[in-house]
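Under my numbering, think of the first position of the sequence shown as 8, with each following residue one higher.
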Amino acid sequence: MALVRFVNCVFAWIEEKTADWFLSSLARLYFAGILLVYYFKSALTKFGDGLFSFSAGAYVQIFPKAMESVGYNEAELGFFYDLVVFLGTYAEIILPLLIIVGLLTKLAAVGMIGFVIVQSIVDITGHGLSGKSVGGWFDGPPDAIIFDQRALWVFLLIVIFLKGAGPISIDRMLVKWNILPKHFS
């Protein structure tokens, strides 16, 4: 029983000392190390000649079947498609940046969760990802892009959403200065 009490005391001490900062900071660090460059590189492939000009590849990535149906001429798609490409491309840049600097982190995490879900749906329905690439939980191999890899990404983003940005963040400063409500940090 002495050993059990000792272990309980050690774990209680560790939980007390790390409760406010460890998971939130570690989740943001992992996000930066695993997903930041991935999303930046993906966004950069979508730009054309300027900040508001998008390549045909952007439309192909986001709307593969629609682009095929118009002979890969994005000018034929219309305003809705332009708007989605614009918002999607900038979301790939802005949402990860918000998470990294810790500004409106919980909202950015929810936005990224939605982004990953939409990205996965497009990969399956638009790009024809199937079988081993999609995978499934409890199927043995842990290397499927959708149900294994992206499920872990979403879990990481859920941790960020639930725990917030942590102490080294703009959110924490803004809460301390009473600019944001406490639940933002």
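A virtual CB, placed ideally from N, CA and C, is assigned to each residue, including glycine.
query = Bridge partners of Phe61, per DSSP?
reply = Phe54
task = Identify, in the order they occur along the chain, each residue of the same chain with its Cβ nearer than 6 Å to the Cβ of Val123, setting aside the five sequence neighbours on each side.
result = Arg157, Trp160, Val161
key: Residue ranges of each alpha helix (DSSP H) within the stretch 98-165, 4 or longer   = 112-132
Coarse secondary structure for Gly171, derived from DSSP in three states = coil
key: Helix, strand or coil at Pro71 [DSSP, three-state]   = helix
message = Taking 6 Å as the limit between beta carbons, can you name the residues of its chain near Lys189, skipping five residues before and five after?
response = Val182
ask   = From this set, Lys48, Leu36, Leu43, Val129, which residue's C-alpha is nearest Lys72's C-alpha?
value = Val129
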